[in-house]
Amino acid sequence: NHTIKELEKDKMPVGKGILEKSFSSFHLNYKEGDMLYIYTDGYADQFGGPKGKKFKYRQLNDLLLSLHTQTVSQQKDELEKTIAQWKGELEQVDDLCIVGIKF
């Protein structure tokens, strides 16, 4: 239905430090054609654009929503192109990890 449902996040680093509590578990209902995206904060936190500001989650979610009907390969290409244009000559500040699963 062309909407994004954002799940509550656990505010814990992955692979760093001592795990003090377990990550949350949940069940998803999905139908054929749905996309599931799992991503780190690196894409949204990347500085760039005309004013050197962060990309932000709102812009990332809007981008994912605009791409979700494309093939996973096309989405990957567009995500890479978009962040490269956004960042320009600025340094990459964090990992850029987005996993997309098409059902």
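Residue numbering for the sequence shown follows my numbering, beginning at 166 and increasing consecutively. Glycine residues also receive a C-beta, built at the ideal position from the N, C-alpha and C atoms. What you are looking at is a predicted structure, and each value in this text was computed from that prediction instead of being measured.
1) Alpha carbon to alpha carbon, what distance is there between isoleucine 183 and leucine 229?
2) Can you say whether phenylalanine 188 is buried or exposed, counting buried as having 16 or more other CB atoms within 10 angstroms of its CB?
3) Could you spell out where the alpha helix (DSSP H) holding isoleucine 248 opens and where it closes?
4) Does DSSP classify glycine 214 as helix, strand or coil?
5) Taking the straight line between their C-alpha atoms, what separation do you get for phenylalanine 220 and glycine 214?
6) Compare the Cα-Cα distances from alanine 209 to each of Asp175, Phe191, Ile248 and Glu185 and report the closest residue.
This is what the structure gives:
1) 32 Å
2) Residue environment for phenylalanine 188: exposed (fewer than 16 other C-beta atoms within 10 angstroms of its C-beta).
3) First-last of the alpha helix (DSSP H) with isoleucine 248: 237–252.
4) coil
5) Looking at the two C-alpha atoms, the distance is approximately 8 Å.
6) Checked all of Asp175, Phe191, Ile248 and Glu185; the closest Cα to alanine 209 is Ile248.
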